[in-house]
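A.B. asks:
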Amino acid sequence: MNYFEKKKIKDILEDKINDYKDVIVMGWVRTKRVSKNIAFIEINDGSALKNLQLVILNPEQHPLAEINTGASIKVKGYIDKVEGREQDVEMKAEEIEIIGEAPEDFILQKKRHSFEFLRDIAHLRARTNTFGVVNRFRSKMSYAIHDYFYNKDFKYIHTPIITSGDAEGAGEIFKVSTLDFDSLPRTEKGEIDYSQDFFAQETGLTVSGQLEAELLATALGDVYTFGPTFRAENSNTSRHASEFWMIEPEMAFCNLDEMMTLMEDFIKNLFRFALEEAEEEMDFFNQWIDEGRREMIEKIIEADFGRITYTEAIEILENCDQDFEYPVSWGVDLQSEHERYLTEKHFKKPIMVRDYPKEIKAFYMRQNDDNKTVAAVDCLVPGVGEIIGGSQREERYDKLKSRMEELEMDLEKYEWFLDIRKYGSVPHSGFGLGFERLLMYLSGMQNIRDVISFPRTPGNAKF
Ligand code: 4AD
Ligand code: MG
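One point on numbering: in UniProt numbering, the residue at position 151 of the sequence shown is 151, and numbering is uninterrupted.
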């Protein structure tokens with residue numbers, strides 16, 4: 001048998017196969033019903049939400065007793081089209097071979113399980129309807145991202161996972177080391193001697209590919225990364241993961257306003273893709289996770305995103321009649337409750353908030369003329385809060401250097417970052433979209449742990 005002889009259930013259900021005879025299907029058993037003269041098995045091969053119904057006309061000739069829910073089987077037979085029934089395609093099985101047995105007590109029987117319970121069996125949850133859909137959706141939306149940028153002639157770049165820097169300057173780095181933890185080498189001063197470590201310096205997992213993306217943008221023009229990022233941030237919320245995937249475009253010769261136009265276009269294109277190309281998944285979410293999701297996404301595609309400054313946002317929050325846990329005044333960082341008030345209650349649509357106080361934003365953001373704010377922009381959406389953070393970058397050597405000095409950063413370590421401000425520096429901008437936050441928003445799934453197959457969160461790195 002060669003690879004192409006096996007048919008995908010999706011293609012069979014969508015009537016995309018040429019020959020209805022001698023069809024071979026392989027998959028996992030979802031249900032089985034056996035009576036004297038006929039038996040039915042539903043199998044799923046991961047290609048679609050729907051199962052393929054197998055009809056077995058001579059049950060006694062097949063090893064049906066050993067075929068339990070969860071078992072994997074190979075089936076040979078022919079496809080019958082049954083008109084006027086919901087399940088209008090079925091397969092008459094002629095030969096059934098058990099590939100892998102499953103004991104009768106396989107945990108995923110037909111009943112519904114809670115998402116909490118399924119997180120504990122993440123090695124199996126992809127075999128449920130919901131997580132099959134989530135995983136296929138994730139795959140499709142990854143493609144949508146590459147498709148968008150490919151068509152805009154952005155270059156897909158790969159930035160390092162292991163770095164010696166801290167792009168966001170928030171000190172949330174997971175260390176990478178091969179030193180012997182039981183006997184750490186020390187310098188004369190008693191500090192850990194990283195010169196004896198694998199990379200001869202202190203290293204960690206990247207929190208963002210931005211700094212290296214900036215380097216490549218100043219050579220290739222428009223670039224983007226799409227990779228895993230890691231944050232040792234001890235916030236156990238439904239929107240934070242310690243390992244998450246981020247899409248980071250970086251554009252040379254591009255200011256904040258131009259970047260915001262791209263940001264809105266990008267988001268709307270991804271939403272449109274979800275509605276048109278991931279219909280099965282969006283229908284599922286609309287039916288089982290959040291009724292009205294589809295309509296909400298459609299509305300957003302039609303609406304203009306709101307655009308306000310941080311200062312305006314603070315005024316709105318100070319003058320509204322909602323009590324916040326974290327008090328609001330100019331200079332504070334917006335908390336999730338503030339972001340959600342703005343986007344859910346006040347504007348009732350996605351908004352882009354720009355020009356934040358420099359004290360609450362990263363060192364690399366371009367300083368505005370008021371000496372108080374930087375050219376930062378966050379995109380906030382109802383239900384999730386921040387899904388994008390970005391900025392125009394400080395391209396002026398002296399300004400960047402003095403900001404880094406103010407923050408007591410190690411200039412020698414970031415010499416290369418300053419260097420590109422010396423040789424043909426250009427205005428440039430970029431942003432980071434949290435992939436899981438995007439998936440949460442589109443699907444209506446409430447917990448980030450349920451849109452990534454094997455979530456990493458404080459206290460949890462199983463699987
Ligand atoms: O706002 P952040 O920290 O921005 C950056 O990292 C910039 N270097 C991006 C850039 O300009 N190239 O993170 C960007 C986005 C957030 O808006 C959020 O969607 C997501 O990444 N994010 C997280 N998602 C899940 N879990 C976490 N712990 C996240 N932290 C940030
Ligand atoms: Mg941010």
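A virtual CB, placed ideally from N, CA and C, is assigned to each residue, including glycine.
Please tell me whether, using a cut-off of 6 Å, the distance from the CB of G171 to the nearest non-hydrogen atom of ligand 2 is below it.
C.D. replies: no
A.B. asks: Could you give the residue range of the beta strand (DSSP E) that holds K81?
C.D. replies: 72-81
A.B. asks: Would D120 be called buried (16 or more neighbouring beta carbons within 10 Å of its own) or exposed?
C.D. replies: exposed
A.B. asks: Return yes when at least one heavy atom of ligand 2 lies under 6 Å from the C-beta of G190, else no.
C.D. replies: no
A.B. asks: Closer than 7 Å is what we want: which residues have a beta carbon that near any heavy atom of ligand 2? List them in chain order.
C.D. replies: D378, E386, G389
A.B. asks: Distance cutoff 7 Å, beta carbons only. Does G227 sit that close to anything in chain B?
C.D. replies: Of the protein chains in this structure there is only one, and it is not chain B.
A.B. asks: Hey, how far is the Cα of E359 from the Cα of D290?
C.D. replies: 38 Å
A.B. asks: Is the beta carbon of T457 less than 7 Å from the beta carbon of S242?
C.D. replies: A contact, by the Cβ cut-off of 7 Å.
A.B. asks: Please report how far the alpha carbon of V134 lies from the alpha carbon of M440, in whole angstroms.
C.D. replies: 10 Å
A.B. asks: Per DSSP, what are the beta-bridge partners of T229 in this structure?
C.D. replies: F244
A.B. asks: Cβ atoms of M26 and K74: under 7 Å apart, would you say?
C.D. replies: yes
A.B. asks: Pairs of beta-carbons, one from the stretch 22-38 and one from the stretch 61-77, closer than 8 Å: are there three or more?
C.D. replies: yes
A.B. asks: When every heavy atom of ligand 1 is checked, does at least one fall within less than 6 Å of the C-beta of G430?
C.D. replies: yes
A.B. asks: Short check: CB of T69 to CB of V29, under 7 Å?
C.D. replies: Their beta carbons are under 7 Å apart, which means T69 touches V29 by this criterion.
A.B. asks: Specify, as a first and last residue, the run of the beta strand (DSSP E) that G27 falls within.
C.D. replies: 23-34
A.B. asks: Confirm the yes/no value for this check: CB of F244, any heavy atom of ligand 1, distance under 6 Å.
C.D. replies: Within the cutoff, so yes.
A.B. asks: Identify the residues that DSSP records as bridge partners of C379: which are they?
C.D. replies: M352, I388
A.B. asks: Could you check the C-alpha separation between E258 and E264 for me, to the nearest Å?
C.D. replies: Going from the Cα of E258 to the Cα of E264 covers about 10 Å.
A.B. asks: Determine the burial state of Q109: buried for a count of at least 16 other Cβ atoms within 10 Å of its Cβ, exposed for fewer.
C.D. replies: exposed
A.B. asks: Taking its Cβ as the centre, do 16 or more other Cβ atoms sit within 10 Å of residue 465, making it buried, or is it exposed?
C.D. replies: Residue 465 lies beyond the range of the chain shown here (1 to 463); nothing can be said about it.
A.B. asks: Please check the pair L49 and I41, which I expect to be a contact at CB under 8 Å, by giving their CB distance rounded to whole angstroms.
C.D. replies: Contact flag wrong, Cβ pair sits at about 17 Å.
A.B. asks: From G132 to V353, what does the alpha carbon distance come to, in whole angstroms?
C.D. replies: 35 Å
A.B. asks: Nearest CA to the CA of T128: which residue from A376, N51, M91, R294?
C.D. replies: N51
A.B. asks: Starting from Q210 and walking both ways along the beta strand (DSSP E), at which residues does that stretch end?
C.D. replies: Premise fails: Q210 lies in the alpha helix (DSSP H), 210-220, not in any beta strand (DSSP E).
A.B. asks: Where do the ends of the beta strand (DSSP E) carrying H428 lie?
C.D. replies: 428-434
A.B. asks: With distances taken Cα to Cα, identify the nearest neighbour of I43 among I96, N58, K16, D19.
C.D. replies: I96
A.B. asks: Measure the C-alpha to C-alpha separation of G227 and I316 and round it to an integer number of angstroms.
C.D. replies: 36 Å
A.B. asks: Under 8 Å, with one C-beta from each stretch per pair, do the stretch 177-192 and the stretch 208-221 reach the 3-pair mark?
C.D. replies: no
A.B. asks: Does ligand 1 have a heavy atom nearer than 6 Å to the CB of H240?
C.D. replies: yes
A.B. asks: Which residue's Cα is closest to the Cα of F137: V451, E60, P103?
C.D. replies: V451
A.B. asks: Just confirm the distance between the C-beta atoms of T203 and S238, as a whole number of angstroms; I'd bet it's less than 8 Å.
C.D. replies: Contact flag wrong, Cβ pair sits at about 31 Å.
A.B. asks: Around the Cβ of E214, are there at least 16 other Cβ atoms within 10 angstroms (buried) or fewer (exposed)?
C.D. replies: Burial call: buried.
A.B. asks: Let me check you understand the geometry: is the CB of Q61 closer than 6 Å to at least one non-hydrogen atom of ligand 1?
C.D. replies: no
A.B. asks: Contact check, I308 vs W330 under 8 Å by CB: the rounded distance?
C.D. replies: Wrong, their Cβ atoms sit about 14 Å apart, outside the cutoff.
A.B. asks: Can you tell me whether M141 is helix, strand or coil according to DSSP?
C.D. replies: helix
A.B. asks: Could you tell me how far apart the beta carbons of D427 and N255 are, in whole angstroms, since I believe they sit closer than 8 Å?
C.D. replies: According to the sequence provided, residue 427 is Pro. The question's Asp does not apply to it. Sure, about 5 Å apart at Cβ, within 8 Å.
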